[in-house]
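For this note's numbering, add 260 to where a residue sits in the sequence shown, where the first one is 1. A virtual CB, placed ideally from N, CA and C, is assigned to each residue, including glycine. Structure first, then comments.
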Amino acid sequence: MNKSRKCPVCNSHEYEKIEKINFLLFEEHPISKGYDLVQCKLCSFMYADVKVTQIELDNYYSNISKYEDKQISTGGGYNIYDKERLAGVAIYLSNLFTDKNIKIADVGCAIGGLLEQLKNLGFENITGIDPSKSCVEITKNEKGIDCLHSSLFDLNDSFGTYDLIIISHVWEHILDLETAINSLEKILSPNGYIYIECPNAMNYKNTIHAPLQELNTEHINHFYEKGFLNFFGLRNYKCIDIGNKIVKIASGEDYDALYGVFQKSSTNLDYKIQFDNEILASLQEYINKSRIWFAKIIHIIESNLSNERNVAIYGIGQFAFKLLYEIVKKRPDLHLFLFDNNSLNVGKEISKFKINKGADLDKYLGNEKLKIIITSLIHQNSIKQNINNILTEKNITQVEIIELK
Ligand SMILES: [Zn+2]
261 MNKSRKCPVC NSHEYEKIEK INFLLFEEHP ISKGYDLVQC KLCSFMYADV
311 KVTQIELDNY YSNISKYEDK QISTGGGYNI YDKERLAGVA IYLSNLFTDK
361 NIKIADVGCA IGGLLEQLKN LGFENITGID PSKSCVEITK NEKGIDCLHS
411 SLFDLNDSFG TYDLIIISHV WEHILDLETA INSLEKILSP NGYIYIECPN
461 AMNYKNTIHA PLQELNTEHI NHFYEKGFLN FFGLRNYKCI DIGNKIVKIA
511 SGEDYDALYG VFQKSSTNLD YKIQFDNEIL ASLQEYINKS RIWFAKIIHI
561 IESNLSNERN VAIYGIGQFA FKLLYEIVKK RPDLHLFLFD NNSLNVGKEI
611 SKFKINKGAD LDKYLGNEKL KIIITSLIHQ NSIKQNINNI LTEKNITQVE
661 IIELK
């Protein structure tokens with residue numbers, strides 16, 4: 261349980277601690293104590309030394325799959341930017357794999373957004389696999405695409421074998437990549453291909469939408485080119501293609517993604533680990549920029565809350581988890597009113613404070629003076645507008661919004 265995590269790329273136990281990341285999380289969250297970001301001394305890989313088991317993480321994810329909610333999903337292709345991003349992957353794959361009859365599986369397919377795009381391009385033998393039952397139902401019933409219900413770790417030959425397996429925005433989440441790749445290989449054809457895509461840790465520093473956003477509770481592996489090459493090379497995969505691309509995420513912001521296509525070799529490639537001499541400095545630059553921005557935000561909050569006892573926090577996501585840690589540490593006397601629009605978060609508790617529905621904000625605005633912190637830096641202005649509309653409509657004047665951006 262409290263054992264340090266070995267390097268998910270090369271299995272070495274030798275690492276250097278780089279940065280402690282703290283969160284204030286839901287009571288039942290497996291990473292509630294935060295973690296150290298570490299670097300493997302042997303292969304240079306950067307990862308979160310989380311002290312949990314894969315089973316604990318797995319249970320947590322399968323119980324609260326945010327991908328089930330169409331409005332907030334990022335894998336379903338319901339948002340224009342998602343659609344463009346997924347269509348781009350599908351076109352890339354159709355250029356590389358000209359035989360439309362190859363068998364393709366998208367493991368961690370969410371609600372089938374990428375598969376739908378592949379289907380549009382003429383691929384017929386496509387299957388989704390996802391640990392969430394409702395994602396499977398949506399992919400099958402709404403997209404008309406075969407979909408199997410399974411965790412990445414429970415694959416076996418009864419699922420069939422596939423010439424191309426897609427693992428898009430999955431690998432950064434997995435604690436035990438060794439077991440994960442062994443499981444995937446149970447459904448990979450001999451000499452089959454893997455298409456993989458992840459956030460590119462080498463470029464975190466280029467697009468910071470919120471401080472330390474990439475060092476969150478969900479992304480515990482930080483891949484960059486040599487990380488991919490080492491991971492797959494050590495497991496006898498040949499690199500067919502690798503590169504960086506800038507995609508737009510659901511909010512419309514730019515995001516650097518690393519992608520690669522690897523082919524399993526039936527012979528021993530005798531791969532030699534390549535140590536990357538740039539990734540540490542690159543991540544440290546990202547952390548330093550983030551810490552400076554974060555300190556400014558904490559300063560704004562502190563100077564606004566000097567006389568306050570009550571404060572509302574609007575938006576409970578990754579940035580809020582880090583903010584709450586600092587706020588509660590500095591001001592344990594504060595009474596927090598937490599609000600979020602995600603129905604999966606409503607009703608949960610953080611540090612004994614219950615999360616309420618964002619739309620119910622006015623029910624909590626009594627005669628007392630209250631300041632509201634909007635934690636979303638990307639959506640700050642639109643959320644502020646919504647809150648101001650409520651305040652004007654209800655003629656509430658004793659409320660003030662603290663702007664972090
Ligand atoms: Zn390593």
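- The closest heavy atom of ligand 1 lies less than 7 Å from the beta carbon of C303.
- Judged by DSSP secondary structure, D600 falls within the beta strand (DSSP E) whose first and last residues are 595-600.
- In the DSSP annotation of this structure, Y624 is not part of any alpha helix (DSSP H), being labelled neither H nor E.
- I434 sits away from A365, with the two beta carbons spaced by 8 Å or more.
- In this structure, V269 has its beta carbon less than 7 Å from a heavy atom of ligand 1.
- In this structure, S272 has its CB closer than 7 Å to one or more heavy atoms of ligand 1.
- When secondary structure is reduced to three states using DSSP, H409 falls in the strand class.
- The Cβ-Cβ distance between Y341 and C300 does not fall below 8 Å.
- Taking all protein chains shown into account, G373 has 16 or more neighbouring C-beta atoms within 10 Å of its C-beta and is therefore buried.
- Counting C-beta atoms within 10 angstroms of its own C-beta, F535 has fewer than 16 neighbours from the protein chains shown and is therefore classed as exposed.
- Collapsing the DSSP output to three states places E660 in a strand.
- A distance below 8 Å separates the beta carbons of D423 and G452.
- Within its own chain, the residues whose Cβ lies closer than 8 Å to the Cβ of E628, once the five positions on either side in sequence are excluded, are N570, Q658, listed in chain order.
- Within the region 398-450, the runs of alpha helix (DSSP H) at least 4 residues long that lie entirely inside it are, in chain order, 437-445.
- Beta-carbon to beta-carbon, L664 and I557 are separated by about 5 Å, close enough to satisfy the 8 Å threshold.
- As DSSP reads the structure, V298 sits in a beta bridge with K277, Y307.
- For K644, the enclosing alpha helix (DSSP H) covers residues 640-653.
- G348 and T313 have their alpha carbons spaced roughly 35 Å apart.
- For I561, the closest of L583, Y546, Q578 by C-alpha to C-alpha distance is L583.
- For Q640, same chain residues with a beta-carbon under 8 Å away, outside a window of 5 residues either side, are I634, E663, L664, K665 in chain order.
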